[in-house]
Amino acid sequence: MRAADAAACWHAHQRRKGAAQEPYINHLLEVAKLVAEATGGAEPDPVIAALLHDAIEDQAVQAETIASQFGERVAEIVMEVTDDKSLPKDVRKRKQIENAPKISREAKLVKLADKISNVRTISASPPPDWSLERRLEYIEWARQVVAGLRGTSASLEQQFDDVAERAMRSLGPPGAGTGD
Numbered sequence: 028m029r030a031a032d033a034a035a036c037w038h039a040h041q042r043r044k045g046a047a048q049e050p051y052i053n054h055l056l057e058v059a060k061l062v063a064e065a066t067g068g069a070e071p072d073p074v075i076a077a078l079l080h081d082a083i084e085d086q087a088v089q090a091e092t093i094a095s096q097f098g099e100r101v102a103e104i105v106m107e108v109t110d111d112k113s114l115p116k117d118v119r120k121r122k123q124i125e126n127a128p129k130i131s132r133e134a135k136l137v138k139l140a141d142k143i144s145n146v147r148t149i150s151a152s153p154p155p156d157w158s159l160e161r162r163l164e165y166i167e168w169a170r171q172v173v174a175g176l177r178g179t180s181a182s183l184e185q186q187f188d189d190v191a192e193r194a195m196r197s198l199g200p201p202g203a204g205t206g207d
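Add 27 to the 1-based position in the sequence shown for the working numbering, that's all there is to it.
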């Protein structure tokens with residue numbers, strides 16, 4: 028609960044980019060819930076890291092702050108899923124694909140849950156300035172990232188596949204995402 032409180036404070040003024048403009052904490056809670064369900068609640072570190080996974084990237088919280096408040100392992104997991112914002116977006120996206128197979132199992136759980144949440148949002152409440160093409164490209168890119176995370180959690184992988192398939196069907200032409 029301390030991590031949920033910290034995440035709520037650190038992201039207090041942040042909103043999701045989607046048309047609904049929901050509070051960002053909703054995303055963090057969803058990611059943590061997915062990780063908790065996938066681990067049967069038996070692994071607190073990845074659940075805590077899920078709550079904090081965007082704190083460094085979006086709010087410039089220091090890894091040392093996370094380590095001192097929630098432990099070194101949690102900070103390590105958060106660092107593994109944090110993009111280097113000094114790099115151009117296309118490089119960051121490519122690095123996520125390349126690094127996905129190399130990160131720890133706990134970080135893979137967080138990354139899988141994050142992609143599930145993001146694809147759900149892209150489908151249900153996309154940013155108003157995102158074209159259909161950009162949404163479809165995001166889903167395809169997320170599939171490439173998840174390909175490198177496979178073998179981590181059958182339940183999260185199935186949820187991602189289901190969410191991505193529904194999103195492609197709802198956004199694309201007939202047969203999109205079905206292999207036809």
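Every residue, glycine too, gets a C-beta built ideally from N, C-alpha and C.
Along the chain, where does the alpha helix (DSSP H) containing residue i start, and where does it finish?
i, result
"arginine 42", "Here arginine 42 belongs to no alpha helix (DSSP H), and DSSP marks it neither H nor E."
"leucine 114", "Note, leucine 114: premise wrong, no alpha helix (DSSP H); not H, not E."
Rounded to whole angstroms, what is the Cα-Cα separation between residue i and residue j?
i, j, result
"leucine 163", "leucine 198", "7 Å"
"histidine 38", "alanine 82", "8 Å"
"alanine 90", "alanine 65", "25 Å"
"leucine 61", "glutamate 84", "21 Å"
"alanine 33", "tryptophan 157", "30 Å"
"arginine 196", "proline 115", "30 Å"
So, is residue i buried or exposed, given that buried needs 16 or more other C-beta atoms within 10 angstroms?
i, result
"glutamate 160", "exposed"
"valine 105", "buried"
"serine 150", "buried"
Look at residue i and residue j and say whether their C-beta atoms are less than 7 Å apart.
i, j, result
"alanine 31", "phenylalanine 97", "no"
"lysine 138", "leucine 176", "yes"
"isoleucine 143", "valine 190", "yes"
"proline 154", "glycine 68", "no"
"lysine 122", "threonine 179", "no"
"aspartate 72", "valine 101", "yes"
"valine 74", "alanine 87", "no"
Let me know the alpha helix (DSSP H) ranges lying completely inside the stretch 158-182, each 4 residues or longer, listed in chain order.
159-174
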